[in-house]
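Okay, structure first, notes after.
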Ligand code: F6R
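Residue numbers (my numbering): 403 to 989.
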């Protein structure tokens, strides 16, 4: 949701923090702020985008070798300068940046007000620096942070600055935080891209870890009430992956990276996929849990598990999982799918299933994320960092891994792998300039439309849901996906002359879905066909070759491109759609 970064070392903190903020902007982008220690704590913050705020306030004017910064996605309190982070304590001795939600902040605020504290923002965060200051009346800085954390209910990743101490203290619970180990310098941030330019050595903090960064790194676990050792990991991501290169936007860069990311997804996980396939076969009840696009990948997988492996699976939205958790037994297997590995709803579902003794397998992109640690086994997507708020390359990687898993369960892993590998060159074509040029003609026709409907049957049904999500979240055109047979049960009432309807076809479903398209056409719909064969019903046709189970991968790509182009034509920023954040760490 929000992005936080802290730095301590020999260099000037502000340029490092500003660069880090820009790389974290995908996590939240309604306000930003920075504080460094130079004499006292100097703090600058405002509402708006980082670039705009920097032009106005000049973050680089902040001096000092130690500092913290924040990019906000509002939860408590509107988008105002006062609500932007960092937040000061009353004496301005302490400043804090926070990602997460303090659920008992009203109670803590009342306690602090009754002890003479004043509040200047509507945020839940402001209780944190003030509680620290309150405890510092008779405790050390470190002990006061610990005492404060004991009082907090909810989720937090925080970094704390103290004007009198040459150290940073950071801590996490249910929100991500990772430490970067440089050469006589340390970084702490919500996500690795924030400091990737400076170091590839990281320490992933565990739940309720508190880290003290001064001339050393000391990790204390609040539950264990003692210092703990955490391993240093080397990360494989490189700087190019977090830069736009020649692309205007990360969304387009990440769409075109799919040739490579599918290849990685197919090649990297062989042994583990076969092991997971064995676990699936032994389990009594399989539950997929995920949110958003990852949920659509799971829904798609449920069709593949049925057609390829002859296996029934349950698919639950992670936020709805609690309604079904009573069916979980120790022999159940939960497969949690999440790009970030930090989605609060997914972690909640996984923890509920673990309490019942179930085994957890996860499919995750971000190494070291909470979900990888809380799973019995994690299949890594290896897609590299996804910076655009929308999932594109990670969605198709999830599909590739789940398709392989279905084949592995059926004892046909090699066949599945061959089929997916055969696609790689074709995916290159689907993202090429000429393919994009063709879709541009469609984007021009649709750019002023208010509604788009999408239909597909079988495997194409989850594709229609995902395609609708892509269009609406980035272009703000209302788009709804349906199973082809469902429209006539109500929604067909909305079809008028010229209403655009995207129809996904496949060899298996062609006859039926074309009948559904004919029903729409008879009501005046403008029909856009996506599939292997043109049909006279289509007013516009996007040819995508027949790829059986992998249709889900190939057919979504033209619609990712369409969504991108619609955003551009409608003046929307495709990398940072309004109201959204990349990793949703609140329930
Ligand atoms: C849509 C999108 C979201 C995520 C959802 C789950 O483009 O990105 O719907 O898929 O928030 O996120 P992860 O996969 O990180 O759990």
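Where a beta carbon is used, it is the ideal one built from N, C-alpha and C, also for glycine.
Note that the structure is predicted; figures quoted are calculated from it, not measured.
Rounded straight-line distance, which links the Cα of residue j to that of residue i
i, j, result
"residue 873", "residue 567", "49 Å"
"residue 836", "residue 829", "13 Å"
"residue 466", "residue 414", "6 Å"
"residue 405", "residue 472", "6 Å"
"residue 555", "residue 670", "40 Å"
"residue 844", "residue 905", "14 Å"
"residue 940", "residue 862", "17 Å"
"residue 608", "residue 775", "8 Å"
"residue 516", "residue 494", "19 Å"
"residue 818", "residue 825", "11 Å"
"residue 647", "residue 955", "25 Å"
"residue 461", "residue 419", "9 Å"
"residue 855", "residue 896", "10 Å"
"residue 883", "residue 864", "8 Å"
"residue 741", "residue 498", "28 Å"
"residue 522", "residue 552", "24 Å"
"residue 881", "residue 796", "21 Å"
"residue 798", "residue 702", "11 Å"
"residue 821", "residue 426", "37 Å"
"residue 680", "residue 783", "20 Å"
"residue 548", "residue 979", "37 Å"
"residue 723", "residue 714", "17 Å"
"residue 544", "residue 572", "10 Å"
"residue 447", "residue 486", "6 Å"
"residue 965", "residue 480", "29 Å"
"residue 765", "residue 707", "16 Å"
"residue 412", "residue 468", "9 Å"
"residue 838", "residue 846", "12 Å"
"residue 963", "residue 988", "29 Å"
"residue 530", "residue 745", "23 Å"
"residue 975", "residue 650", "11 Å"
"residue 871", "residue 537", "47 Å"
Contact under 8 Å by Cβ, residue i with residue j
i, j, result
"residue 593", "residue 429", "yes"
"residue 580", "residue 570", "no"
"residue 743", "residue 785", "no"
"residue 737", "residue 869", "no"
"residue 860", "residue 794", "no"
"residue 842", "residue 643", "no"
"residue 540", "residue 519", "no"
"residue 623", "residue 610", "yes"
"residue 733", "residue 792", "no"
"residue 759", "residue 729", "no"
"residue 559", "residue 577", "yes"
"residue 678", "residue 542", "no"
"residue 812", "residue 735", "no"
"residue 971", "residue 849", "yes"
"residue 696", "residue 739", "yes"
"residue 937", "residue 887", "no"
"residue 475", "residue 983", "yes"
"residue 604", "residue 583", "yes"
Whole-number beta carbon distance between residue j and residue i, since they are thought to touch under 8 Å
i, j, result
"residue 690", "residue 716", "7 Å"
"residue 803", "residue 667", "5 Å"
"residue 619", "residue 588", "6 Å"
"residue 455", "residue 615", "The pair is not a contact, with the Cβ atoms about 26 Å apart (cut-off 8 Å)."
"residue 524", "residue 478", "6 Å"
"residue 781", "residue 674", "6 Å"
"residue 945", "residue 934", "7 Å"
"residue 423", "residue 452", "5 Å"
"residue 596", "residue 731", "41 Å between Cβ atoms; not a contact."
"residue 879", "residue 851", "6 Å"
"residue 959", "residue 773", "Not really, about 26 Å apart at Cβ, beyond 8 Å."
"residue 444", "residue 491", "Going by Cβ atoms, the distance from residue 444 to residue 491 rounds to 15 Å, so no, they are not a contact pair."
"residue 599", "residue 442", "No, residue 599 and residue 442 are not in contact; Cβ-Cβ is about 29 Å, not under 8 Å."
"residue 634", "residue 602", "With a Cβ gap of about 10 Å, residue 634 and residue 602 do not count as contacting."
"residue 664", "residue 563", "With 8 Å as the limit, residue 664 and residue 563 do not qualify as a contact, their Cβ atoms being about 43 Å apart."
"residue 747", "residue 711", "Not confirmed; about 27 Å, so no contact."
"residue 948", "residue 914", "Actually they do not touch by this definition, with Cβ atoms about 16 Å apart."
Neighbour flag for residue i against chain D, beta carbons, 8 Å
i, result
"residue 539", "No chain D appears in this structure, which consists of one protein chain only."
Heavy atom of ligand 3 within 7 Å of residue i beta-carbon
i, result
"residue 875", "Within the structure as shown, ligand 3 is missing, the only ligands being ligand 1."
Do three or more CB pairs link the stretch 920-939 to the stretch 890-906 at distances below 8 Å?
Cβ pair count under 8 Å is three or more, so yes.
With three or more C-beta pairs closer than 8 Å as the rule, is the stretch 502-517 touching the stretch 416-436?
Not touching, per the Cβ criterion.
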